[in-house]
Structures are given as structure tokens and as C-alpha cells.
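Shown next, in C-alpha cells, is the structure this report addresses.
2 protein chains.
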Amino acid sequence: MTAAMREANAGEGLTERQGAVLEQALRLLVDGGEKALTTAGIARAANCSKESLYKWFGDRDGLISAMIGFQASKVRTQDVAARTLDAGSLRSHLVTFAKDLLEVLAGDVSLALNRLAIGQASRDGSKLGHMLQERGRRQIGRRAAALLEAGRKAGLLSFDDAEEAYGALYGLIVSDWHLKMLLGEEAGEMRQGFGRKAEQAVSAFLALYGTKR
Amino acid sequence: MTAAMREANAGEGLTERQGAVLEQALRLLVDGGEKALTTAGIARAANCSKESLYKWFGDRDGLISAMIGFQASKVRTQDVAARTLDAGSLRSHLVTFAKDLLEVLAGDVSLALNRLAIGQASRDGSKLGHMLQERGRRQIGRRAAALLEAGRKAGLLSFDDAEEAYGALYGLIVSDWHLKMLLGEEAGEMRQGFGRKAEQAVSAFLALYGTKR
DNA sequence: TGCGAACCGTACCGTACGGTACTGATCGGG
DNA sequence: CCCGATCAGTACCGTACGGTACGGTTCGCA
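Taken in sequence, the protein lines are chains A and B. Residue numbering for the first sequence follows the numbering used here, starting at 4 and increasing by one per position. Residue numbering for the second sequence follows the numbering used here, starting at 4 and increasing by one per position.
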């Protein structure tokens, strides 16, 4: 029973009720930051008892871990089957990827969870940090890697180290926007610049790694 | 008057004693994260009384703000007078800038302060975030802007929007390393890759914005 | 030598949090 | 119709923090 629960928490085997509780917890976190993420507050917001929280998630850290896993499980990245890939469609796919990346990073839940994990990075041995890294970046990184690999196979891209190419793409897209948003810069005002920024970044990336010239 | 005249430490109106206290506070923050940054802990580490802390800095937020200002005042960026600028020296200056930037961002005090400001971004209306942005990034941004402008004046670089070019340079250099370090990735292991990464980033930047071909 | 300001060390207060224990209500199965 | 399990609601406990107050000490200065 307990073992099943623990394993379930790591994956997605959560009761609807528990999912609803995590939803409320995420909402609290987004609205009020880590300070607002108290067990009493969650219990009040979710109309459940503190005792249930501890029974389901063990302790506060377990609850936070469950929040991260829960949120990650909601964002599934679909692999684009790009069989027919020409210069135009590659560019379009890259631009879409860039916009998606910026949108994800600017999402308030993403920002709140990243802030939480960063704030706890010094205390908990970066356990949450690794979790976010694995569940979040890894997913979108795979999507990008697949896209880049497809581009190379189609003779549209040229690079030796895929990781290096992805690093350049990521940096060109995100620059220091993520940090600025994490530090509190209002994300709403920035969003309208995402489209232009994505186009610029992809153009630069193709100038660097594209074979067409 | 003597108190006020006592050399204002690095432009701030701080006594040496107060600077020493802030030094200890920064050390506490670096070692133990925000949780370790308690008024009692600071008083103990700095051999001063809590009453003095409140007299000097008002409250905990004032103390944290003073810590940021104090740390920023210690990092002065020297403008490189690049009168004779050729392709080689521009590249060398850019590589040096890139390495410096990575070293600064990987510094444990910088990481700790950024973590602190990010953790408080939701509670205090990003006051600390703006402070860090203004005192930290602005400085190194100006250095980069001067370098880019000099390169353009010398006919070695070509760009319309300096801010856009700087964004590309920053992104190519930093990529997602800063976030990874903020999330707890051990910075020590990464440092040895800084040199190579700086070279790669500058090469890519020059391929994008350099006039020499 | 005497005075006053600054300051250290500590005791103290109110509060809020994490976590536990208890009570009563709901509900599905025999 | 009753039994056992689950859970909401709440009271409770220990702890730790931010901030304040106070006694004792040092030191500059007249």
C-alpha cells in the first residue's frame, strides 16, 4: 500500500482528489510564492485536512515533489514526425519550437516552480532542481534534438555536436529573458515580443548551422 | 560626523564595521542559503548585536538590500580603451568578456544573491530583482555594449540593433548554464569548460555579426 | 575623571509554521 | 442495519524566526 503510493507519486498514479489538491497547491504557489505554500493553506484551499496531506505525500518536500511531477505530467511534448522536411518547413518547425519554448518558460506555473526549486537549491542538495531539469528541460530538449537530427539527416543542417548546436539554439532564443522573468520582470509585457524574437533567433541559428547559403 | 565621514565604503554610506557585518552575512548566505540568513545568525557570525543590525539596516529586507549593494560595489568593471582594434584583438576582447561573464555568473556569491532575489520575487514585488538587474547585469552589459560599439566603429562588426546583438552574444555565451547552476548543478565541475565555451560562443557571434569573411 | 554615545550579549515576546493527535461525519459492503 | 475505512476540521505541540528591550562594557572626549 505504502509502497504503491510512493511509486504512484513518482509517476502519475494519483487520485483525482490528490490531483485536485496539487492543483490548488500550484495555484497557491503561483499567487503567493513559496511563503504562501503552507500546509495549512493548502488544506484550507483544497478543503482537505492536513493529516490527509501528510498521509498522501509524506511531508512538505514530498508534496512539492508531487507538485512538480504533477505539473510535468500535464505538459506532454508531441514529437513532430517530419518525414518531408525542406528548408521552409524546417524553419517553420524551428520557429514554432522557439515560440513554444518561450511560452513555456514564461508560464506562471513554470516560473513559480523554478523559483521554488531555485530557492531550495542550497538547502536540499538540489533535489528539486534535478527533478525540474529532468522533467522539464529534458522533454523539450529531446524535441529539439529530434528536430535538429531530422534537419541534419535531410542535409539542411550541419553540425558535429548536437548538444552544442542545441545550446546555441537555446541561447539565441532565450538569452537572458528567463532570468529576467525569474527575477520578477513582468512576463505579460514581454510576451508580445516572443514572435519577433523567435524569428530572429531561428534566423541566426540557421545562419550558423544551416547548409543553404 | 566622524561616523559619517568615516570613509564611506565603496560609495555606500557604510562603516567598515557595517561592511564587515555584510561580509559575514554574505558568507552565511553562500554557505547555507536563505534559510541560514537569520538575524540571530548574522549577529552571531559577525559578533554584533541584533539591535545594531536593526539600527543600521532597518529590517531584514534593508539588510538584504545592503548586501546586494555592498557586493555590487565590490565588483567594478573596467572599461577597455580599445583604440587600436583589429580582428584579432576584438576576438580576444570578446573571449575575455565571455570568460569573465561566465566566471561572474558562476561565482558563489552571485549565485546565492540571485537565488535569494529569485526566491523573493513573488513576495516583494521584485524589488531585489530590479536591484540585482540594475547593479549587476547593467554593469557588464555596458562593458559589452562599449566593446560592440567599438567593433562596429572599427568596421569589424555589423549590426543595426546593439541590444539585439548583445542579446545574441549573451545567449551564445551563457545558454542555459546560468539556470542550471541556479538550480544547483555543481558549478565547480563546469568551470573547466568555460574556456572552450567562450571560444565557441565568440566564434559563433563573429560568424553572425562579423564583417570579415 | 566623569559623561555620553555606541554597542555587545542575551533575554524576551508574539507569531507562524511543520507535523501530530483526536473527534465526528460520510459512505460503501456485508 | 451495522462495520470499518476514509477523511474533514480543529486543536495542539515544539520550534524557530523577526523584532524589541535591557543591563553591562568599551571608548572618545572634554
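Ideal Cβ positions, reconstructed from N, Cα and C, are used throughout, including at glycine.
Residue i burial status per 10 Å Cβ neighbour count (16 or more: buried)
i: N50(B); result: exposed
i: E192(B); result: exposed
i: T5(A); result: Residue confidence is low: T5(A) scores 35 on pLDDT, short of 50, so the model does not pin down where it sits. Its coordinate-derived value is still stated next. It is exposed - the Cβ of T5(A) has fewer than 16 other Cβ atoms within 10 Å.
i: S125(B); result: buried
i: Q123(A); result: buried
i: Q74(B); result: buried
i: G158(A); result: exposed
i: G36(A); result: buried
i: G14(A); result: The predicted model places G14(A) with a pLDDT of 46, which falls under 50 and marks its position as unreliable; any figure quoted below should be read in that light. The residue in question, G14(A), is exposed, as its Cβ has fewer than 16 Cβ neighbours within 10 Å.
i: R141(A); result: exposed
i: G174(A); result: buried
i: G170(A); result: buried
i: G196(B); result: exposed
i: R194(A); result: exposed
i: R94(A); result: buried
i: G154(A); result: buried
i: R9(A); result: Residue confidence is low: R9(A) scores 39 on pLDDT, short of 50, so the model does not pin down where it sits. Its coordinate-derived value is still stated next. Per the 10 Å Cβ criterion, exposed.
i: R47(B); result: exposed
i: S178(B); result: buried
i: R20(A); result: exposed
i: G132(B); result: buried
i: G16(B); result: exposed
Residue i in three-state terms, based on DSSP
i: L160(A); result: strand
i: G36(B); result: coil
i: G132(A); result: helix
i: K183(A); result: helix
i: G72(A); result: helix
i: G110(A); result: coil
i: G213(B); result: strand
i: S52(B); result: coil
i: T99(B); result: helix
Distance between residue j and residue i (C-alpha atoms, nearest Å)
i: D163(A); j: F60(A); result: 45 Å
i: D111(B); j: V33(B); result: 6 Å
i: A148(B); j: A23(B); result: 34 Å
i: I121(A); j: T18(B); result: 32 Å
i: A109(B); j: L114(A); result: 21 Å
i: I176(A); j: L31(B); result: 36 Å
i: N12(A); j: A69(A); result: Unreliable placement is indicated for N12(A), whose pLDDT of 39 sits below 50; the coordinate value is still reported in the next sentence. Cα-Cα distance, rounded: 6 Å.
i: E26(A); j: R86(B); result: 59 Å
i: L151(B); j: V205(B); result: 12 Å
i: K156(A); j: L88(A); result: 10 Å
i: G65(B); j: K53(B); result: 14 Å
i: G72(B); j: A165(B); result: 28 Å
i: V107(A); j: A168(A); result: 21 Å
i: G139(A); j: S129(B); result: 25 Å
i: A28(B); j: V78(A); result: 40 Å
i: S92(A); j: F208(A); result: 15 Å
i: Q136(A); j: M184(B); result: 11 Å
i: M134(A); j: V98(A); result: 27 Å
i: A172(A); j: H181(A); result: Ala is not the amino acid found at residue 172(A); the sequence shown has Leu there. When rounded, the distance between both Cα atoms is 14 Å.
i: I67(B); j: N117(A); result: 21 Å
i: L160(A); j: I45(A); result: 49 Å
i: H96(B); j: T80(B); result: 14 Å
Per-residue contacts from residue i into chain A (C-beta, under 8 Å)
i: S52(B); result: Neighbours of S52(B) on chain A: none; closest Cβ ~27 Å, over 8 Å.
i: E167(B); result: Q203
i: L104(B); result: Under the 8 Å cutoff, chain A gives no residues; its nearest Cβ is about 11 Å from L104(B).
Contact list for residue i against chain A, beta-carbon separation under 7 Å
i: G36(B); result: S125 and R126
i: H181(B); result: L182
9 Å Cβ cut-off: residues of chain A touching residue i
i: A75(B); result: Neighbours of A75(B) on chain A: none; closest Cβ ~14 Å, over 9 Å.
i: L135(B); result: L186
Contacts of residue i in chain B (Cβ-Cβ under 9 Å)
i: A171(A); result: G174, L175, S178, Q203, A204 and A207
i: G132(A); result: K183, L185, L186, G187 and E188
Per-residue contacts from residue i into chain B (C-beta, under 8 Å)
i: R118(A); result: I121, G122, A124 and S125
i: A28(A); result: Those do not exist, as A28(A) stays about 15 Å from chain B at its closest Cβ, beyond 8 Å.
i: S129(A); result: L186, G187 and E188
i: A210(A); result: A210 and L211
Three-pair Cβ contact test at 8 Å for the region 26-45 of chain B versus the region 205-214 of chain A: Per the Cβ contact rule, the region 26-45 of chain B is not in contact with the region 205-214 of chain A (fewer than 3 Cβ pairs under 8 Å).
The region 188-202 of chain B touching the region 139-146 of chain A, judged by at least three CB pairs closer than 8 Å: Result no; under three Cβ-Cβ pairs closer than 8 Å.
Three-pair Cβ contact test at 8 Å for the region 90-106 of chain B versus the region 197-206 of chain B: Output reads yes: the region 197-206 of chain B touches the region 90-106 of chain B.
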